[in-house]
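Position 349, counted from 1, in the sequence shown is what the numbering used here calls 595; the numbers after and before it change by one each time, with no gaps.
Ideal placement from N, C-alpha and C gives every residue a C-beta, glycine not left out.
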Amino acid sequence: MVTGGRHRAGAALQHAANSPDQAAPGSVVPLASEDEILPAVRQELEAAKFIDIHTHLFMPSLGSLGLWGIDSLLTYHYLEAEFFRCSTVQPGEYRQLSTCQKADLIWRTLFVENTPVSEAARGVIAVLHAFGLATNATDLMEAREFFRAQDARAHIDRVFALAGISEVVMTNDPLDPEEGPLWERGVERDPRFHAALRLDRILVECPDRWNIAELRRFLATWHDRLRPAYMAVSLPDTFEFPDDSPRGLLLAEAVLPACRDFEIPLSLMIGVRRQVNPALQLAGDASGAADLRALERLCVAFPDNRFLITILSRENQHELCIYARKFSNLMPFGCWWFLNNPSIVEEVTTERLEMLGTSFIPQHSDARVLEQLIYKWRNTRRTLAPVLANKYRLLCEDGRQVTRAAIRRDIHRLFRSNFERLLPGGVI
Ligand code: HDL
Ligand code: ZN
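As C-alpha cells, this is what we get:
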C-alpha cells in the first residue's frame, strides 16, 4: 500500500529536483514538528550564501575608498551619533581629531565607560569576537595590531566566509572626485564586487545643471564603464512623481528609459531627511514618512521598468507591501538604516511574508566597513530564523508539512534569485 507519506515524498522529490539546489538526501522528508523546523531553518540560513544587494564597500582596486579595521569600525557614523549622546565633546572638536583619536574616544566612551548594548556597538563586539580578539580591552592596541597584520585580499575572503555572503553590490558615484577618476583610468574588477550607478549628485543635488540628452550620454558612458547591476538614488520623504521639477523630468525622460534599455532595475531609496543636524555630517540625517503614491504612479507609468524599493520610514512599510501586491515590477528590499534593528526587522519581515510570501528581498547590509558584514548578516540570520520558522510551523498546523528542500529553495529565492531575476539574463 503506497502510503501518503511516500507519495508526498515522491512529489516533493520531483519538486525539490526543480529547486535551485538539488535536494540533498533526506532533505525531502517532511519536518513534522515545531522543534524540528527551527533548527532546520537556522541550519539552512547558515549554509546559504547570500547576495548583499546594497553596501558602501569597494573592491580592492579602488584602494583607500574601501574601509576596514577597528578604527573605521569605531568611527562608523552610527556610533558617532551614539557617542555625542554620551560625551561632552562637541562635533567641532571631534572633527579636529585623527581617526585613531576618534576611535580611542568612542571605544572609551561607548565600550569601556558604558555597556555596548546598541546594535551598532554590539556589532563591533561581535566582529572582535569573530576574530578571537579581546572584547573587553581598555585600549585598541591588540585590535589595531591584528587588523594591521591582515593581507587585504585574504581578509576579504575570510570576512565574506564569516558573513555567509558570496558577493556584494557597491555604491559607485562617477561624480565623486576620488572615485570617478579611478574608473576613468580603468580599474581591475573583482567578481565578488558588483557595481551600482549612484545618481544622488545628479538627481538630488543639482538636477537643474543637466539636460536630458546630456544625462542619457552620461548614463550610457558609465553603464559601459561600470556594468552596474542597477542604478540607484536616495530620495527625500517629500519625493513626488510625476512632478515637472528638473529631477522629475530627468527621472522620467533619461534615467528610466536608460534602465529599461539596459534591462537593469532602478533602486529608489525613499524617505531620507538629509542633514537635520549638519554638525554630525554623515550621522546628521533623519527619516520621514513619504507619500508612496509616487511609487504607484511610477509603476503604472513605467510597467517595463523594474523597481528595487526600500523605504526609510517604519510608518511606510505596510503600505509598501500593499503596493508590491499591486505591481509585480516593484521589488521591496531590506530593512534600511534606522530600520535595521531586530525589533523592526522582525515586524517588517513578518508582514512581508504574510502579504508577499517569499517574493521580496528581506535584507541588505548597507555596510560601510568590510567587517560590518559579519555582524550585520549574523544579526539578520538570528532575527529571521524564528520569523521564517514560525510561518512554516503555521503551515504545518494548517495541513502542509515542510521539507528542508523547500526551506532551502525559499531561502535561495529570498536572498538570491529574487534579485538575480531582475538583472539581464537573470544572473548577477
Ligand atoms: O543613502 C544611502 O545609501 C544610505 O544607506 C546612507 O549611506 C546612510 O548614511 C547609511 O549608511 N545607512 O546605513
Ligand atoms: Zn546605503
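Reduced DSSP category for residue i - H, G, I as helix; E, B as strand; rest coil
i: T678; result: Residue 678 lies beyond the stretch modelled for the chain, which goes from 247 to 674, so this question has no answer here.
i: I299; result: coil
i: L604; result: For clarity, residue 604 is Thr in the given sequence; the question names Leu instead. DSSP places T604 in coil when its eight states are reduced to three.
i: F404; result: Per the sequence shown, the amino acid found at residue 404 is Arg instead of Phe. Here R404 sits in helix by DSSP.
i: R614; result: coil
i: L576; result: strand
i: L497; result: helix
i: S412; result: strand
i: L277; result: strand
i: L313; result: strand
i: N587; result: coil
i: T361; result: coil
i: V546; result: helix
i: E282; result: helix
i: R662; result: helix
i: V433; result: coil
i: S333; result: coil
i: A525; result: helix
i: A293; result: helix
i: P488; result: coil
i: I448; result: helix
i: P306; result: helix
i: W623; result: helix
i: I674; result: coil
i: D267; result: Confidence in D267 is poor, its pLDDT being 46 and thus under 50, which makes the residue's placement unreliable; the coordinate value appears in the next sentence. Three-state result, D267: coil.
i: D215; result: As shown, the chain starts at 247 and ends at 674. That puts residue 215 outside it, with no answer to give.
i: E424; result: coil
i: D397; result: coil
Best match in the options for proximity to residue i [C-alpha to C-alpha]
i: M577; options: T595, V591, F553; result: F553
i: Q521; options: G530, L514, M515, S513; result: G530
i: R627; options: V287, D281, L585; result: V287
i: D489; options: V373, R539, F304, S279; result: R539
i: H300; options: P511, H610, E424; result: H610
i: T467; options: D612, F296, R399, L443; result: L443
i: V479; options: E451, L303, E430; result: E451
i: R667; options: L374, R394, E509, G517; result: E509
i: L284; options: S364, Q618, V335, V648; result: V648
i: T321; options: D298, N360, V370, S307; result: V370
i: F296; options: A631, R646, L634, W623; result: W623
i: D422; options: K572, I316, R435, I448; result: I448
i: D350; options: I316, F487, H564; result: I316
i: G338; options: Q527, Q289, A376; result: Q527
i: S279; options: D644, I674, P474, E565; result: D644
i: A240; options: R368, P453, R654, N418; result: Absent from the structure is residue 240, since the part of the chain shown begins at 247 and ends at 674.
i: T417; options: M477, F329, V546, S318; result: M477
i: E413; options: V335, P492, R431, A294; result: A294
i: D353; options: R435, L325, S307; result: Strictly speaking, residue 353 in this sequence is Trp, with Asp absent from that position. The candidate whose alpha carbon is nearest that of W353 is L325.
i: N575; options: P511, N360, L319; result: P511
i: L541; options: S559, S533, L566; result: L566
i: T355; options: A383, L461, V373; result: A383
i: D446; options: L496, W582, R438; result: L496
i: E292; options: F584, F464, I620; result: I620
For residue i, the first and last residue of its enclosing alpha helix (DSSP H)
i: G534; result: G534 -> no alpha helix (DSSP H), and no H or E assigned at all.
i: G369; result: 365-376
i: Y569; result: 563-572
i: M387; result: 387-394
i: I458; result: 458-472
i: T345; result: 345-352
i: L325; result: 323-330
i: L356; result: First-last for L356: undefined, no H or E at that position.
i: D507; result: 502-508
Per DSSP, cross-strand counterpart(s) of residue i
i: S480; result: M515
i: N418; result: L443
i: L641; result: DSSP output for L641 lists no bridge partner at all.
i: V648; result: L277
Delimiting residues of the beta strand (DSSP E) encompassing residue i
i: F553; result: 553-557
Worksheet item: Any contact of the segment 591-611 with the segment 656-664, i.e. 3+ C-beta pairs under 8 angstroms?
Response: Output reads yes: the segment 656-664 touches the segment 591-611.
Item to complete: Check whether the segment 638-650 touches the segment 425-435, taking contact to mean three or more Cβ pairs, one atom from each stretch, closer than 8 angstroms.
Response: The answer is no - the segment 425-435 does not touch the segment 638-650, with fewer than three Cβ pairs under 8 angstroms.
Discussion item. Taking contact to mean 3 or more Cβ pairs, one atom from each stretch, closer than 8 angstroms, check whether the segment 454-473 and the segment 330-349 are in contact.
Written reply: No, they do not touch.
Discussion item. Using a Cβ distance threshold of 8 angstroms, determine whether the segment 612-620 contacts the segment 397-410, with at least three qualifying pairs required.
Written reply: Proximity of the segment 612-620 to the segment 397-410 meets the contact definition, three or more beta-carbon pairs being nearer than 8 angstroms.
Worksheet item: With contact counted as at least three CB pairs below 8 angstroms, one residue from each stretch, are the segment 560-577 and the segment 589-602 in contact?
Response: These segments touch.
Practice prompt. Evaluate contact between the segment 499-506 and the segment 541-561, counting only Cβ atoms and requiring at least three cross-stretch pairs below 8 angstroms.
Written response: By the Cβ test, the segment 499-506 is in contact with the segment 541-561, since at least three Cβ pairs between them sit closer than 8 angstroms.
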